[in-house]
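Worksheet: one structure, shown below.
Protein chains: 2
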Amino acid sequence: MRIERAVNNPIISPLQVKPSTDDMVVLSAFNAAATETKEGILLLIRVAEAPKQTEREIRVPIAKNDNVIIKSFRRDDPLLIAGDPRGIVYADEIYLTSLSHFRVARSTDGFNFKIDDKPSIFPTEYYESYGIEDPRITKIGDTYYINYTAVSHFGVTVALITTKDFKHFKKHGVILPPENKNVAIFPEKIGGKYMMLHRPSTTGLGNQHIWVGSSPDMLHFGDHRPVFSKRPHSWDNVRVGAGAVPIKTSEGWLEIYHGVNSKLGYCLGAILLDLNEPWRVLARSKYPFLIPETEYERNGFYNNVVFTCGALTFYDNGRHVVNVYYGAADQHTCRADIFCDDILASLSTDDISEVMENTAEINIMG
Amino acid sequence: MRIERAVNNPIISPLQVKPSTDDMVVLSAFNAAATETKEGILLLIRVAEAPKQTEREIRVPIAKNDNVIIKSFRRDDPLLIAGDPRGIVYADEIYLTSLSHFRVARSTDGFNFKIDDKPSIFPTEYYESYGIEDPRITKIGDTYYINYTAVSHFGVTVALITTKDFKHFKKHGVILPPENKNVAIFPEKIGGKYMMLHRPSTTGLGNQHIWVGSSPDMLHFGDHRPVFSKRPHSWDNVRVGAGAVPIKTSEGWLEIYHGVNSKLGYCLGAILLDLNEPWRVLARSKYPFLIPETEYERNGFYNNVVFTCGALTFYDNGRHVVNVYYGAADQHTCRADIFCDDILASLSTDDISEVMENTAEINIMG
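Protein sequence lines, in the order shown, are assigned to chains X and R.
Counting from 3, one number per residue, gives the positions in the first sequence under this note's numbering.
Counting from 3, one number per residue, gives the positions in the second sequence under this note's numbering.
Pasting the structure below:
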């Protein structure tokens with residue numbers, strides 16, 4: 003299967019992004035949502051910033067109203083546990099080293115983007131105090147629904163914003179309680195309901211299943227059903243999460259998702275879901291179609307990651323092409339193109355057992 | 003504060019409950035939901051059963067359709083981790099040692115109950131394969147809404163059943179994704195919405211917060227807001243969870259909840275929530291009003307537990323009395339009575355900081 007990385011990858015670098023204030027340093031510009039507007043292609047980039055550090059102290063950012071508060075911890079404090087680039091622990095409390103917001107970037111060709119000078123959406127609510135992350139945009143009618151991960155000391159939740167113009171944004175609060183992330187909302191109602199894929203994390207039973215939930219109004223979700231999970235001995239054996247907004251094909255909903263493997267890192271593959279009952283898995287990638295291989299995918303803020311929050315499709319000489327926008331090593335924004343029918347042809351019906359019928363398997367050992 | 007345990011405690015013993023089949027042994031009859039019907043007081047008891055064990059093997063039950071499948075593990079198998087009375091781990095998979103269903107019990111005096119011979123509600127759905135647990139009943143109009151913990155290898159979820167007569171039951175599926183339990187639905191709409199307290203468990207940030215969620219239709223929930231959490235150095239320092247259906251008082255919603263303390267075990271206390279904005283905490287128990295002290299509370303299937311899923315109230319000579327039905331040591335059903343105004347008078351406005359405004363506190367260390 004041919005997948006073509008953009009020749010100008012990374013198409014967006016954190017060096018191109020102005021910090022939100024002089025006190026902050028932009029670490030990453032990655033995991034962008036993608037959509038189309040009348041003016042062309044729009045990416046909503048996750049911009050991660052950190053306060054300037056000192057030799058003696060680790061400084062972490064917390065959003066409060068429209069400000070950023072800096073907390074400082076002495077590096078030699080015995081209560082401090084540092085090491086993971088993404089977060090620290092102090093006296094049993096977790097803090098993130100960076101604070102993310104969203105920034106609009108626009109393009110007419112999908113390769114060269116003009117990035118807004120200022121944050122488009124900033125963490126302002128109590129449930130966003132540790133930042134807003136990994137947006138996805140689903141356009142239905144004239145409304146863009148932006149779902150994202152809202153992080154605070156209350157947990158990792160899923161929140162919703164709507165906009166019609168990417169100038170005025172309305173925050174709708176927390177739509178899924180903790181711990182949940184990696185939500186992708188289907189681009190049309192199914193059976194009269196809005197539907198989303200979501201990925202709760204649990205302390206034990208059922209960890210790392212992707213579920214589908216449905217809603218009459220996009221604000222309240224229910225009828226949650228498990229869809230698929232990580233697979234032992236596979237490229238997605240550690241963790242899975244929905245990626246881009248599902249793509250409608252004649253064969254089913256094509257969902258590009260990330261799977262994590264302890265050797266390969268974060269990779270991208272796909273799963274095909276029934277058009278009318280999207281909790282039914284029809285086929286799934288036996289192998290990922292995008293693996294961290296290039297320098298910018300292997301080395302960055304967090305190494306060995308390709309991670310998508312948005313893909314756009316268009317027809318080129320009658321073939322359905324998917325432009326996958328993806329974050330590389332939690333630092334840069336990249337693009338790779340792949341034919342939709344190539345993905346579909348690559349999917350396997352083996353090993354798609356991790357669905358409801360799986361409970362039948364249990365009897366074997368009984 | 004005076005709290006009176008029923009003189010005939012435990013009011014229901016597992017010895018009084020007929021097993022669902024000859025192959026099963028009733029271990030516990032506990033954590034009952036409580037409501038009133040035209041015929042009197044109705045408890046919906048959680049009945050936990052286990053297969054008969056053998057010397058050589060541990061046998062665990064799994065529900066499938068209307069049957070129970072038994073899985074057997076050799077006690078000397080090195081892949082088996084046993085010890086917790088509630089569950090085992092085999093080859094990284096978790097199994098519960100017992101399977102719970104719900105059984106109706108009726109009474110005219112609230113002390114002496116006639117227990118149905120057969121299960122009223124049995125785990126039949128794929129999301130219930132490890133059992134149904136800890137029901138609460140909220141009556142609104144002529145409908146009884148029964149929320150409960152539905153456990154399967156897909157996780158610990160919250161599901162909903164409705165009934166009008168406790169003979170015909172309708173299952174509505176999973177209303178909150180994993181990991182969540184300890185849901186108490188308010189007995190009337192607030193601000194035009196149904197509302198519930200719920201307690202997600204997370205792997206890190208925000209663990210053990212109780213949230214409020216709202217719904218237009220009791221099936222789809224959103225607008226989740228954190229309400230309160232465990233408190234360090236307090237009787238509820240390990241874990242908290244909503245208990246009985248909130249009781250409406252002139253001062254606010256009175257919620258009897260369980261708090262866990264490593265020395266005391268599972269205790270009961272109360273919290274007072276704003277009538278119109280129930281995510282606002284007005285006052286809270288500085289000390290629990292029910293602590294495991296009696297033989298049947300201290301020794302049982304799981305020691306040192308008092309845990310409520312249902313309380314009924316009535317007026318006695320003008321005083322509002324609360325009949326707390328509670329599970330003792332995860333084995334028996336008990337009752338204790340307490341005056342509502344005594345609970346209210348005992349609540350403290352100290353140390354109710356673990357609400358949204360708490361984020362302001364963070365700055366202190368900055």
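Even glycine gets a Cβ: it sits at the ideal position worked out from N, Cα and C.
Check the Cβ of residue i against every Cβ in chain R and list those closer than 8 angstroms, keeping chain order.
{"i": "X:V223", "result": "With the sequence shown as reference, residue 223 of chain X is identified as Phe, and Val is not the correct amino acid for it. H222, F223, G224, listed in chain order."}
Sorted by chain position, which residues of the same chain lie with C-beta nearer than 6 angstroms to residue i's C-beta, five sequence neighbours on each side aside?
{"i": "R:L82", "result": "F75, Y92"}
{"i": "R:N360", "result": "In this prediction, R:N360 scores a pLDDT of 37, lower than 50, which makes its location untrustworthy; the coordinate-derived value is nonetheless stated afterwards. Excluding residues within five positions, none has a Cβ falling inside 6 angstroms."}
{"i": "X:I148", "result": "P137, I139, I163"}
{"i": "R:D118", "result": "R105, V106"}
{"i": "R:F168", "result": "V106"}
{"i": "X:A36", "result": "L45, G312, L314, Y327"}
{"i": "X:S342", "result": "Reading off the sequence, residue 342 of chain X comes out as Cys, not Ser. So the list reads H322, V324, once near-sequence residues are dropped."}
{"i": "X:I354", "result": "V283, R286"}
{"i": "X:R7", "result": "A338"}
Ordered along the chain, which non-local residues of its own chain (more than five positions away) have a Cβ less than 7 angstroms from that of residue i?
{"i": "X:G42", "result": "R108, S109, T110"}
{"i": "X:N67", "result": "T126"}
{"i": "R:I96", "result": "G89"}
{"i": "X:T99", "result": "A52, V62, P87, R88, G89, I90"}
Buried or exposed for residue i, going by 16 or more other Cβ atoms inside 10 Å?
{"i": "X:G261", "result": "buried"}
{"i": "R:S203", "result": "buried"}
{"i": "R:R227", "result": "buried"}
{"i": "R:G85", "result": "exposed"}
{"i": "X:L170", "result": "Just to set this straight, residue 170 of chain X is His in the shown sequence, not Leu. Exposed is the call here."}
{"i": "X:D332", "result": "buried"}
{"i": "X:D238", "result": "buried"}
{"i": "R:V9", "result": "exposed"}
{"i": "X:R4", "result": "exposed"}
{"i": "R:P80", "result": "exposed"}
{"i": "R:K183", "result": "buried"}
{"i": "X:E181", "result": "buried"}
{"i": "X:S350", "result": "exposed"}
{"i": "X:P382", "result": "With chain X covering only 3 through 368, there is no way to say anything about residue 382 of chain X."}
So, under 8 angstroms CB-CB, residue i and residue j are touching, yes? Tell me the CB distance rounded to an integer number of Å.
{"i": "X:L292", "j": "X:L270", "result": "4 angstroms"}
{"i": "R:L29", "j": "R:P16", "result": "6 angstroms"}
{"i": "X:A244", "j": "X:R201", "result": "6 angstroms"}
{"i": "R:P218", "j": "R:K195", "result": "6 angstroms"}
{"i": "R:V323", "j": "R:T315", "result": "7 angstroms"}
{"i": "R:G224", "j": "X:L346", "result": "The Cβ separation is near 34 angstroms, so there is no contact."}
{"i": "X:V153", "j": "X:G133", "result": "5 angstroms"}
Suppose the cutoff is 8 angstroms on Cβ atoms and the five residues either side in sequence are ignored; what does the same chain contact list for residue i look like?
{"i": "X:D25", "result": "P53, K54, V70, I72"}
{"i": "R:V357", "result": "Residue confidence for R:V357 is low, a pLDDT of 45 falling below 50, so the modelled location carries little weight; the figure read from the coordinates is stated next. Closer than 8 angstroms at the Cβ level, and outside the excluded window around R:V357, lie P228, V229, F230, W281, R282, V283."}
{"i": "X:N209", "result": "S203"}
{"i": "X:I366", "result": "For X:I366, the predicted model reports a pLDDT of 26, less than 50, meaning its position is unreliable; a value from the coordinates is still stated below. The answer is none, since no qualifying residue turns up."}
{"i": "X:T23", "result": "V70"}
{"i": "R:M197", "result": "I187, F188, K191, V214, G215, S216, S217, P280"}
{"i": "X:V27", "result": "P21, E51, A52, P53, K54"}
{"i": "X:E59", "result": "S74, F75, R76, R77"}
{"i": "X:P121", "result": "S22, V49, H103, F104, R105"}
{"i": "X:E130", "result": "A65, A152, V153, S154, A161"}
List the residues that DSSP assigns as beta-bridge partners of residue i.
{"i": "X:A107", "result": "X:L45, X:I117"}
{"i": "X:G329", "result": "X:F309, X:T335"}
{"i": "X:D86", "result": "For X:D86, which the question treats as bridged, DSSP gives no partner whatsoever."}
{"i": "R:M197", "result": "R:S216"}
{"i": "X:L292", "result": "X:L270"}
{"i": "X:L275", "result": "X:W255, X:V283"}
{"i": "X:P189", "result": "Its beta-bridge partners do not exist; DSSP assigns none."}
{"i": "R:R227", "result": "R:V214"}
For residue i, go through chain R and note every residue whose CB falls closer than 9 angstroms to its CB, in chain order.
{"i": "X:E181", "result": "E181, P202, S203, T204, T205, G206, L207, G208, N209"}
{"i": "X:V324", "result": "By Cβ distance, chain R contributes nothing, its closest Cβ being about 29 angstroms from X:V324, past 9 angstroms."}
{"i": "X:G175", "result": "G224, D225, H226, R227"}
Below 7 angstroms on C-beta distance, what does residue i contact in chain R?
{"i": "X:I96", "result": "G206, L207"}
For a contact defined as C-beta to C-beta under 8 angstroms, what are the partners of residue i on chain X?
{"i": "R:G215", "result": "P179"}
{"i": "R:V153", "result": "L207"}
{"i": "R:T126", "result": "The premise fails here: R:T126 is roughly 12 angstroms from chain X at the closest Cβ pair, so nothing lies under 8 angstroms."}
{"i": "R:T310", "result": "Correct list: empty, because the minimum Cβ distance to chain X is about 23 angstroms."}
Could you list which residues in chain X have their beta carbon closer than 7 angstroms to that of residue i, in chain order?
{"i": "R:P228", "result": "F156"}
{"i": "R:T165", "result": "By Cβ distance, chain X contributes nothing, its closest Cβ being about 19 angstroms from R:T165, past 7 angstroms."}
Could you name the residues of chain X that residue i contacts, counting a contact when the two beta carbons are closer than 9 angstroms?
{"i": "R:P218", "result": "P218, D219, L221, H222"}
{"i": "R:T140", "result": "Near R:T140 there are no residues of chain X at all, since even the closest Cβ is about 16 angstroms away, more than 9 angstroms."}
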